[in-house]
Amino acid sequence: MEHSKFVHLHTHTEYSLLDGAARVEALIERAYKLKMPALAITDHGNMFGAIEFYKYAYKIGIKPIIGCELYIAPESRLDKNAVQGAVTNYHGICLVRNEEGYKNLMKLVSIGYTEGFYYKPRVDRGMLAQYSKGLIFMSGCVKGEIASLILRGQDKMARERAQEFQKMFGEDNFYLELHSHGLKEEVIVNQHLIGMSVDMSIPLVAANDVHYLFKEDAEAHDILLCIQTNKHVADTDRLRFSSNEFYLKTYEEMNDLFSQFPKAIENTIGIAKRCNLELDFGHTHLPHYHTPEDVPLPDYLRQLCMERLEERYPEVTEEILNRLNHEIQVITQMKYPGYFLIVWDLINYARQKGIPVGPGRGSAAGSIVSYLLGITDIDPIRYNLLFERFLNPERVSMPDIDIDFCYERRDEVIDYVISKYGKERVAQIITFGTMLAKGAIRDVGRALDIPYGEVDKIAKLIPNELHITLLESIKKVPELAKIYEEGGLKQRLIDTALKLEGVARHASTHAAGVVIAEDPLTEFAPLYRDPKSESIVTQYAKDAIESIGLLKMDFLGLKTLTTIHNMIILLKEKRGITIDISTIPIDDEKTFQLLSEGETIGVFQLESSGMRELCRKLQPDMFEDVIALVALYRPGPLNSGMVDEFILSKHGKKIKYLHPKLKHILEETYGVMVYQEQVMNIAVVLGGFSMAQADELRRAMAKKVPEKMEKMNKLFVEGASNNGLFPEMAAKIFDLMAKFAEYGFNKSHSAAYALIAYQTAYLKAHFPVEFMAALLTAELGNTDKISAYIAECKRMGIAVLPPDINQSDLSFTPVQDKIRFGLNGIKNVGNIAINSIITARKIEPFKSIYDFCKRVDSRVVNKRVIESLINCGGFDSTGAKRAQLAQVIDNAIKIGSQKVNKAMSLFEMFGQKDVVDEVERLPDIPEWSETALLKLEKELIGIYLTSHPLAQYEQEFKKYTTCPISQLKEHKDEEIVVIGGMISQLKKILTKKSAKQMAFVTLEDMADSVEVVFLPDVFETASDRLILDEVVLIKGKLEIGEDKFKILAKELIEASKAITLVTAVHVRLKDGFEDNCLNLLKETLLQFKGVKPVYIHIPEKEGNETIVLTGHGFRVTPSDELVNRIEGVVGEGGVWFGFNGGIGK
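Numbering (numbering that gives the first Met the number 0), first residue to last: 0 to 1144.
Here it is as structure tokens:
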């Protein structure tokens, strides 16, 4: 192919965040189409996309040139006190010639973030001089220092700076950069640069400051700038480019622009030929693990495994030894013994320090080496977990061991890693948020200033499917396609969103990723400082980190581990019971009873309402069922029918296997293919595959690559035929595997998380008070969770007592069969004040507020702390009313001060105690109203605890509403629902277009809250009832967003009037009801004769039901008494009312 005679050397990708609108792959493909032999990446101040760019360019077939548009400080990078309006940075292009230049550029961009950040990541000329080798430097755009000096009329200084750069980088490595985007400044700058080039023998180079692919993408880029600066397109005072010429121009276009300077065009090819960076992706750079007495790594790994072999396996079989030898052989062959030892070491450290560590995560649980080292706690042989699912000798890739730690102490483990390997060798990993379909619509809509409601409607039409694109949504949703076809502003919105969808939007720190290198990290990757956390992280994301051979591990903070740990401590402190969570029986009857009853709120992975329902249907009675529960409760299996098949087969439906050899593999899951490991085992047993080949088959099926699938199908059918199967049967089994592989789950991960689920269920079943106390402590600050767990305590018959100055500890604590609210759950009461209170009461309990103020440290227990304690009920046990205490607080603090205390002591010494009593007397005033007491309680501890304003409505809401607010997430988007609660927040606004009133309401029930939107037409009919603290029922459309949900109101009813709007009564009979039940129900209905119809719901098999409308003679008058009487016959929750079209449960 004849190459173009021009190469773009000044090019921004999407990683010039919210400034570059060109995706990496699209940019490279366009350059290739234009027959350019090479292409540079020069993003603003960073190398975020360098590895992705490099690999894809080589894959496509053009030379990648790594570079960066650096920000250069006017003087020192450490100067960060510029006068307002002064220049804080200049631009300059650095291109990498070789490996030395690559390492130097990584150091420069790292320094920009770690030392020179001031609005932008800046280096200075001193740093450029120090790290100039292996780099080519170009003078940049009109924001370059030389161009800026020219535009300020400082031509002499511009020449001096050019001479300095020439000397710094070498005569062959410094170029003056010509630009032509139609800017008048460029004309002035170019004239001076041309003269400078002639006078100073500095070569020219032509460049186009590429920010997008095509000329017509200028608008999308402009909108991207609006998103960056939070402006509207119509705003006049905003950042914008002066022309639409910042696209990837062809050679012909560039040649026309610089026809008078052919050498400037020619020099782009010359520079490209000199840039020859060769990155090696075939080596790993693991930190060296030092073994005792320098024992070889494989030998030490084996030694550690053998030391724990008999502890883990009291009977060591040949199967166990063969598995261990096989794994160590593969690990050694792949040169990963050091990796396992590094992981073992940090987990060993955590355990020695008492930091809770999870039983495993991901495919690592399939390794016996991991099990023997204590990296995981799941026996891979007992549960038939596969090593090759974790480490495949035929697919060279770094092993991936993710580790769960106590979320409160995860940072201690990271600190240990830093102290062991050095802070210059350890960092966390960057991650990039991208514009997904819905987000792109919302961002672009905001920039175009389209009314929120219109944008929201379009965004809501995009299905809630993982990774679905906007284009796929238009094809899939007719209403969305119709909106697009109508043209106008909405078509413009969608077109722009299509161009920006998938573009990187922002950088942040990966929640778990940590990288450890053998040498300082800047030898392998540039560094970035996260502005939010101030953490130092790599500029390369996890895939790039793995590509360059660095060790990446995920250290995750898991709150459940903290809960388990704290609960075990509580059990020891309060009841003297010591338990080892790793040795609890795995076949505990009480635990399976709790799971089968679906009482799993607070149980890891099993607490959603859908999962609780699945537990009740499945009736798990062995640990393998819990493993399956974790694997099955996902959209794919739930929608495919395989969950129903699994349940029916467990409960007696005859299981049919396509072939007898499948029985041994599938019988643990009742004939249903649930796990990826089962697909692999079928490939081995029937298809004659090796385990490594079986893992490749699993990957091919998961990715659905047609060519690979066809090849694998042929291999499987051949292998199965050799094992005695008819080709037709083999093909049928392969098709079945391919179907279930779509939903198959990693059994190793499921087993590890099932163990934590089982452990929490066991603790809840056997030690409910201590478990719930630890659970509540773990969720302090999360009022929604606290409310839900306190409601669960109520259901379990565990009273949660209010805060008390004499009884409460720092956190929630068990008090016999009750739980006492912790002091650190009270607003304005910090740990230092709490410690002072707990220390002061050790001698004896506080008798009064005066006694309290005398004994605590007034420097930390100040008036604000005392007020908070009074208002949440902390002093109630002293016998005083909160209103009384509020009135004497100042006097109590005064008496509590040292000076007054001495005077009081004198009165007491000389027998004048009546004087003391007079001073410390409480006023005789009435207590505040219950409403006021509860309002203050909610304000200070985040929830209603002693009572609830809605307590009297609890039964009403059960009868009238679709579900509690907390269960709305289980319902479908756009479903019509009825919810009940109290209006806790109310915000009225005028719409922009019509200036009509609408409202945003926060409605809360006894456990949760939700935003309800009243658009103008509904607001008009309901405005007189939109009153703060009003208790109402609201009917509306549920709208589920990316991270929250809301209700679009259609109607509002006062709860007190709901009974008058009832249109029907619904009664659900229990499974296996008897004739006597029906007779009692008839008698009850006849006692409440009226005009409202009664519907009887009769349960059928497989969760179905038949609904029967009773005759006119059984119509009733709805009332609370009617409900109570019917529930006496059919059970609690078996009756509800329908109204407004029958909307109810």
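Glycine included, every Cβ here is placed at the ideal spot set by N, Cα and C.
Subject >> Nearest to Glu185 (by Cα), restricted to the options Asp216, Ser147 and Phe213 >> reply: The closest CA to that of Glu185, considering only Asp216, Ser147 and Phe213, is found on Ser147.
Original post:
The alpha helix (DSSP H) with Phe52 in it runs from where to where?
Top reply: Secondary structure note for Phe52: its alpha helix (DSSP H) is the uninterrupted segment Ala49 to Ile59.
Original post:
Alpha carbon to alpha carbon, how far is Glu244 from Gly181?
Top reply: Near 7 Å, if we compare the C-alpha coordinates of Gly181 and Glu244.
Original post:
Is the Cβ-Cβ distance between Leu696 and Ala682 less than 8 Å?
Top reply: Ala682 sits close to Leu696, with the two beta carbons spaced by under 8 Å.
Subject >> Boundaries (first-last residue) of the beta strand (DSSP E) holding His505 >> reply: Ala503 to Ile515 is the extent of the beta strand (DSSP E) around His505.
Original post:
Can you give the beta carbon distance from Leu212 to Ala25, rounded, assuming they're within the 8 Å contact cut?
Top reply: 6 Å between Cβ atoms; contact.
Original post:
Using 8 Å as the Cβ pair cut-off and three pairs as the minimum, do the region 394 to 402 and the region 502 to 509 touch?
Top reply: No, because fewer than three Cβ pairs between the region 394 to 402 and the region 502 to 509 fall closer than 8 Å, the two stretches do not touch.
Original post:
Roughly how many whole angstroms lie between the Cα atoms of Ile1158 and Ser786?
Top reply: The shown model of the chain, from 0 to 1144, leaves out residue 1158, and the question about it has no answer.
**OP:** Can you say whether Ala305 is buried or exposed, counting buried as having 16 or more other CB atoms within 10 angstroms of its CB?
**Re:** Reading off the sequence, residue 305 comes out as Met, not Ala. Exposed, since its Cβ has fewer than 16 Cβ neighbours within 10 Å.
**OP:** May I ask you to report which of helix, strand or coil DSSP gives Trp343?
**Re:** Helix, per DSSP.
**OP:** Take every Cβ of the region 284 to 302, pair it with every Cβ of the region 324 to 341, and state whether three or more of those distances are shorter than 8 Å.
**Re:** Yes, since at least three Cβ pairs between the region 284 to 302 and the region 324 to 341 fall closer than 8 Å, the two stretches touch.
Subject >> Leu1108 versus Thr961 - alpha carbon distance >> reply: Distance between the alpha carbons of Leu1108 and Thr961 is about 21 Å.
**OP:** Entirely within the region 277 to 363 and at least 4 residues each: give me those alpha helix (DSSP H) ranges in chain order.
**Re:** Within the region 277 to 363, the complete alpha helix (DSSP H) runs of at least 4 residues fall at 296 to 311, 317 to 332 and 336 to 351.
Original post:
Curious, which full-length alpha helix (DSSP H) runs of at least 4 residues does the region 123 to 173 contain?
Top reply: Listed in chain order, the complete alpha helix (DSSP H) runs (minimum 4 residues) inside the region 123 to 173 are 124 to 129, 144 to 150 and 154 to 168.
Subject >> The beta strand (DSSP E) enclosing Tyr382, as first and last residue numbers >> reply: Here Tyr382 belongs to no beta strand (DSSP E), and DSSP marks it neither H nor E.
Subject >> Which listed residue (Phe591, Lys456, Glu866 and Asn103) has its alpha carbon closest to that of Ala764 >> reply: Considering only alpha carbons, the answer is Phe591.
**OP:** Starting from the C-beta of Val864, find all residues in its chain whose C-beta is less than 7 Å away, skip the five residues before and the five after it, and write them out in chain order.
**Re:** Excluding positions up to five away in sequence, the list reads Asn827, Val828 and Ala832.
Subject >> Secondary structure of Asp1145, DSSP reduced to three states >> reply: Coverage of the chain is limited to positions 0 through 1144, which leaves residue 1145 absent and any answer about it impossible.
**OP:** Compute the Euclidean distance between the alpha carbons of Val1061 and Gly1035, then round it to the nearest angstrom.
**Re:** Near 17 Å, if we compare the C-alpha coordinates of Gly1035 and Val1061.
Subject >> Simplified DSSP state of Thr561, which is helix, strand or coil >> reply: Residue state, collapsed to three classes: helix.
Original post:
What do you reckon, are the CB atoms on Val1151 and Gln427 nearer than 8 Å?
Top reply: Residue 1151 lies beyond the range of the chain shown here (0 to 1144); nothing can be said about it.
Original post:
Should His466 be labelled buried (16 or more other beta-carbon atoms within 10 Å of its own) or exposed?
Top reply: With fewer than 16 Cβ atoms within 10 Å of its Cβ, His466 is classed as exposed.
Subject >> Where the alpha helix (DSSP H) containing Tyr211 begins and where it ends >> reply: For Tyr211, there is no enclosing alpha helix (DSSP H), as DSSP marks it with neither H nor E.
Original post:
Unbroken beta strand (DSSP E) runs of length 3 or more, entirely within the region 1022 to 1102: which are they?
Top reply: As far as the region 1022 to 1102 is concerned, its whole beta strand (DSSP E) runs of at least 3 residues are 1030 to 1039, 1044 to 1053, 1061 to 1067, 1088 to 1091 and 1093 to 1098.
Original post:
Are the CB atoms of Thr113 and Arg528 nearer to each other than 8 Å?
Top reply: Yes, Cβ-Cβ distance for Thr113 and Arg528 is below 8 Å.
**OP:** Classify His1111 as buried or exposed, calling it buried when 16 or more other Cβ atoms lie within 10 Å of its own Cβ.
**Re:** With fewer than 16 other Cβ atoms inside 10 Å of its own Cβ, His1111 counts as exposed.
**OP:** Confirm, please, whether the CB-CB distance from Pro922 to Gln1163 is below 8 Å.
**Re:** In the structure as shown, the chain starts at 0 and stops at 1144, and residue 1163 therefore has no counterpart that could be examined.
Original post:
What separation, rounded to the nearest whole angstrom, lies between the Cα atoms of His220 and Ala20?
Top reply: Taking the CA atoms as reference points, His220 sits about 6 Å from Ala20.
**OP:** Tell me whether the beta-carbon of Ile515 lies closer than 8 Å to the beta-carbon of Leu555.
**Re:** Cβ atoms of Ile515 and Leu555: not closer than 8 Å.
Original post:
Do the region 518 to 537 and the region 725 to 739 touch if we need at least three Cβ pairs shorter than 8 Å?
Top reply: Too few Cβ pairs lie closer than 8 Å, so no.
Original post:
Going by the beta-carbon positions, is the gap between Met167 and Ser200 smaller than 8 Å?
Top reply: Their beta carbons are not under 8 Å apart, which means Met167 does not touch Ser200 by this criterion.
Subject >> Strand pairing of Arg121, partner residues [DSSP] >> reply: In DSSP, Arg121 forms a bridge with Tyr70.
Original post:
Does the count of Cβ pairs from the region 750 to 761 and the region 573 to 585 closer than 8 Å reach three?
Top reply: Contact between the region 750 to 761 and the region 573 to 585 is present, with at least three C-beta pairs closer than 8 Å.
Subject >> Residues near Phe739 by beta carbon distance below 6 Å, same chain, minus five either side >> reply: Within its own chain, the residues whose Cβ lies closer than 6 Å to the Cβ of Phe739, once the five positions on either side in sequence are excluded, are Met672, listed in chain order.
Original post:
Roughly how many angstroms separate the alpha carbons of Val443 and Glu485, rounded to a whole number?
Top reply: One alpha carbon belongs to Val443, the other to Glu485, and they sit about 18 Å apart.
Original post:
Is Ala1006 closer than 8 Å to Leu790 when the C-beta atoms are compared?
Top reply: Note that residue 790 is Ala in the sequence shown, not Leu. For the pair Ala790 and Ala1006, the CB atoms are nearer than the 8 Å cut-off.
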